[in-house]
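Visitor: Okay, so the sequence shown: first residue is 3 according to the numbering used here, each after it adds one.
Don't be surprised by glycine CBs; every beta carbon is placed ideally from N, CA and C.
This structure is a prediction, so every number in the text was calculated from the model and none was measured.
Below are the structure tokens for one structure; questions will follow.
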Amino acid sequence: MRITMWLVAIMTTALLAFSSIPGMATDAQSKFESLKRFSQILDLVERYYVQDVPRTDLINGAIDGMLQSLDPHSTFMDQEEYKSMQESTTGEFFGIGVEITQDESGVLRVVTPIEDTPADKAGLAAGDLILEVNGSLTQDLGLRESVSRIKGEKGSKVKLTILSKKAKAPREVEIVRDSIPLISAKVRELDDGIVWIRLSRFSENTTDELKEKLTAYKKKHKIKGVVLDLRNNPGGLLDQSIKIADIFLQGGTVVSIKGKGNESRNFDAAKQSADITAPMVVLINAGSASASEIVAGALRDHNRALIIGEPSFGKGSVQNIIPLNDGSAIKLTIARYYTPNGTSIQAKGIEPDLLVPFEIPAKEEKDPIKFLNAPREKDLNGHLEKVGKGKKKSAFKRDKAVQERLDKDNQLRLAMDLVETLPRIKSLH
Numbered sequence: 003m004r005i006t007m008w009l010v011a012i013m014t015t016a017l018l019a020f021s022s023i024p025g026m027a028t029d030a031q032s033k034f035e036s037l038k039r040f041s042q043i044l045d046l047v048e049r050y051y052v053q054d055v056p057r058t059d060l061i062n063g064a065i066d067g068m069l070q071s072l073d074p075h076s077t078f079m080d081q082e083e084y085k086s087m088q089e090s091t092t093g094e095f096f097g098i099g100v101e102i103t104q105d106e107s108g109v110l111r112v113v114t115p116i117e118d119t120p121a122d123k124a125g126l127a128a129g130d131l132i133l134e135v136n137g138s139l140t141q142d143l144g145l146r147e148s149v150s151r152i153k154g155e156k157g158s159k160v161k162l163t164i165l166s167k168k169a170k171a172p173r174e175v176e177i178v179r180d181s182i183p184l185i186s187a188k189v190r191e192l193d194d195g196i197v198w199i200r201l202s203r204f205s206e207n208t209t210d211e212l213k214e215k216l217t218a219y220k221k222k223h224k225i226k227g228v229v230l231d232l233r234n235n236p237g238g239l240l241d242q243s244i245k246i247a248d249i250f251l252q253g254g255t256v257v258s259i260k261g262k263g264n265e266s267r268n269f270d271a272a273k274q275s276a277d278i279t280a281p282m283v284v285l286i287n288a289g290s291a292s293a294s295e296i297v298a299g300a301l302r303d304h305n306r307a308l309i310i311g312e313p314s315f316g317k318g319s320v321q322n323i324i325p326l327n328d329g330s331a332i333k334l335t336i337a338r339y340y341t342p343n344g345t346s347i348q349a350k351g352i353e354p355d356l357l358v359p360f361e362i363p364a365k366e367e368k369d370p371i372k373f374l375n376a377p378r379e380k381d382l383n384g385h386l387e388k389v390g391k392g393k394k395k396s397a398f399k400r401d402k403a404v405q406e407r408l409d410k411d412n413q414l415r416l417a418m419d420l421v422e423t424l425p426r427i428k429s430l431h
């Protein structure tokens, strides 16, 4: 009962302080009554609940319930969870490497697996439902407890029951937890001068990583075209998405956000000498969320890039991490964001300019692009020699790993073909 009286004493003091301010007395009285009711319920639970529960757990649970009632992205993080979240953007951490959310029925849904992580290698895909974690229903566990049970030490195992979009029945997968790679930007060469930029997330160092790799590439090659791959990128830091878009834009609005009371703010790109102006294609899918959608939306609205693939996730809200004095924190939705032309993608997503579903190559087809290798005139015996001496083009030697990826990725192949064709298409207008 002592805790109840202590809370009431504090609330009474606060009420007296605000009651003398015009317009605030009624609001203060309402808050006092609500907190008094909470204090009474806390006291009743501690007195009569069938078993003892630490008071900290009761209060944290109440806070978490309040935040989760707002939207799927607002949540409470205790000290351990907040520390883990910080490590996921700045340092090494362990787990299976998957971004998840909770749907209206309470089941966990995969937003996206992070590239080259245990979840990715186990075949988890955007849209998959996680029904059970180690035999416990995720509907019963809730988002926080499910995430806690999925995490674990490197080398340990977790068993998930997964229901995929087109599957008739759930399947069980056992995944070995590992360290999650924090390299978020990769640059590879698809063809002579055609770069494939793969961003797996928007973490604290993403822009610096990308600029460093592009600078190294430009010392040896001229960039003739860019494929920006944002597939299965769950998003991340807002400032990083703005900086990434700025690399490819020479001005104009990247994104605008509107908070409480329609207070708005625009974030603009600036023209820089290092800006990349080469033809560009952006790849998205259902796993492209939040910061990924900001970048894709900005490049689309400024007619800077052709967007291909599948509709994106549709997360058009901005969350702020607010640390608390005891080392915990809350993640709170503070605004909605809008693409440069004023469009909100909340629950709708970015629609690609060209809808290209991902196709899994048939197992029996050893060369899924064999039609590209059909014989031509120059391959026939006794063909006539060409007239004139054109400038001889050196043969491009593609990296083996990149070739293997192209062989099984129809979306990436088309993106490469399109970015090489865009200059010709534009010249016809």
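Quick check: the segment 244-253 against the segment 202-216, are at least 3 beta-carbon pairs closer than 8 Å?
Guide: Yes, since at least three Cβ pairs between the segment 202-216 and the segment 244-253 fall closer than 8 Å, the two stretches touch.
Visitor: If you run the structure through DSSP and keep just helix, strand and coil, what is F315?
Guide: The answer is coil: DSSP assigns F315 none of H, G, I, E or B.
Visitor: Kindly list the residues whose CB is nearer than 7 Å to the CB of T140, restricted to its own chain and excluding five residues on each side of it in sequence; keep chain order.
Guide: Cβ neighbours of T140 beyond the five flanking positions: V109, L110, I132, L133, E134, S148.
Visitor: On the DSSP letters alone, give me the boundaries of the beta strand (DSSP E) that T77 sits inside.
Guide: 77-79 is the extent of the beta strand (DSSP E) around T77.
Visitor: Is there contact here, the segment 337-349 with the segment 254-266, by at least three beta-carbon pairs under 8 Å?
Guide: With the cut-off at 8 Å, the segment 337-349 and the segment 254-266 touch.
Visitor: Helix, strand or coil, according to DSSP, for Y51 in the structure here?
Guide: Y51 falls in the coil class under three-state DSSP.
Visitor: Among the residues of its own chain, which have a CB less than 7 Å from the CB of K359, if the five just before and after it don't count?
Guide: At residue 359 the sequence reads Pro, which differs from the Lys that was named. Answer for P359: E312, listed in chain order.
Visitor: How is R200 classed by DSSP in three states: helix, strand or coil?
Guide: Residue state, collapsed to three classes: strand.
Visitor: Quick check on the DSSP output: the alpha helix (DSSP H) that includes F269 runs from which residue to which?
Guide: Unbroken run through F269 is the beta strand (DSSP E), 266-271; no alpha helix (DSSP H).
Visitor: Could you say if the segment 162-181 and the segment 195-205 meet the contact criterion of at least three C-beta pairs nearer than 8 Å?
Guide: At 8 Å Cβ cutoff, the stretches do not touch.
Visitor: Name the two residues that bound the continuous beta strand (DSSP E) containing A331.
Guide: Start and end: 331-340.
Visitor: Give the single residue among N207, V160, E106, S330 whose Cα lies nearest to the Cα of E83.
Guide: It is S330 whose Cα lies nearest to the Cα of E83.
Visitor: Can you find at least 3 beta carbon pairs, one from the segment 315-333 and one from the segment 264-271, that sit closer than 8 Å?
Guide: Short answer: they don't touch.
Visitor: Less than 8 Å separating the beta-carbons of G97 and R179?
Guide: In contact: G97 and R179 (Cβ atoms closer than 8 Å).
Visitor: When DSSP labels each residue in this structure, what does G154 get in the three-state scheme?
Guide: Residue state, collapsed to three classes: coil.
Visitor: Pick out the complete alpha helix (DSSP H) segments inside the segment 103-156, 4 residues or longer, and give them in chain order.
Guide: Correct list: 120-123, 140-152.
Visitor: Suppose contacts are defined by Cβ-Cβ distances below 8 Å. Is N234 in contact with A121 by that definition?
Guide: Cβ atoms of N234 and A121: not closer than 8 Å.
Visitor: Could you pull out every residue in the same chain whose Cβ sits closer than 6 Å to the Cβ of I65, ignoring the five residues on either side in sequence?
Guide: So the qualifying residues of the chain are F78.
Visitor: Is the segment 273-284 in contact with the segment 297-310, if contact means three or more CB pairs nearer than 8 Å?
Guide: Touching, yes.
Visitor: To which residues of the same chain is V47 closer than 8 Å at the C-beta, ignoring the five residues directly before and after it?
Guide: Here the set comprises V55, L60.
Visitor: Should F373 go down as buried or exposed, given a rule of 16 or more other Cβ atoms within 10 Å for buried?
Guide: Confidence at F373 is low in this model, with a pLDDT of 43, below 50, so its placement is unreliable and the value that follows should be read with caution. Flag for F373 reads exposed.
Visitor: Candidates D231, G238, I177, I196: which alpha carbon is nearest E206's?
Guide: That would be G238, whose Cα lies nearest to the Cα of E206.
Visitor: So, at 8 Å on beta carbons, what are the nonlocal neighbours of S107 in its own chain, with the 5 sequence-adjacent residues on each side left out?
Guide: Here the set comprises Q141.
Visitor: Would you kindly work out how many angstroms separate the C-alpha atoms of V228 and K333, rounded to a whole number?
Guide: Going by the C-alpha atoms only, they are around 35 Å apart.
Visitor: Measure the Cβ-Cβ separation of L408 and R415 and say whether it is below 8 Å.
Guide: Cβ distance < 8 Å, so L408 and R415 count as in contact.
Visitor: Can A417 and I310 be called in contact, C-beta distance under 8 Å?
Guide: Contact flag set, yes.
Visitor: In angstroms with no decimal places, state the Cα-to-Cα distance between F20 and S32.
Guide: With a pLDDT of 44 at F20, under the threshold of 50, the modelled position of this residue cannot be trusted; read the value that follows with caution. Distance between the alpha carbons of F20 and S32: 12 Å.
Visitor: From D328 to Q81, what does the alpha carbon distance come to, in whole angstroms?
Guide: For D328 and Q81, the distance between alpha carbons rounds to 8 Å.
Visitor: Just grab the DSSP bridge partners of T279 for me.
Guide: Paired residues: none, contrary to the question.
Visitor: Who pairs with D180 in a beta bridge, going by DSSP?
Guide: Note: D180 sits in a beta bridge opposite G97.
Visitor: Exposed or buried, E422, counting other C-beta atoms within 10 Å across all chains shown (16 or more means buried)?
Guide: Looking at its Cβ environment, which holds 16 or more other Cβ atoms inside 10 Å, E422 is buried.
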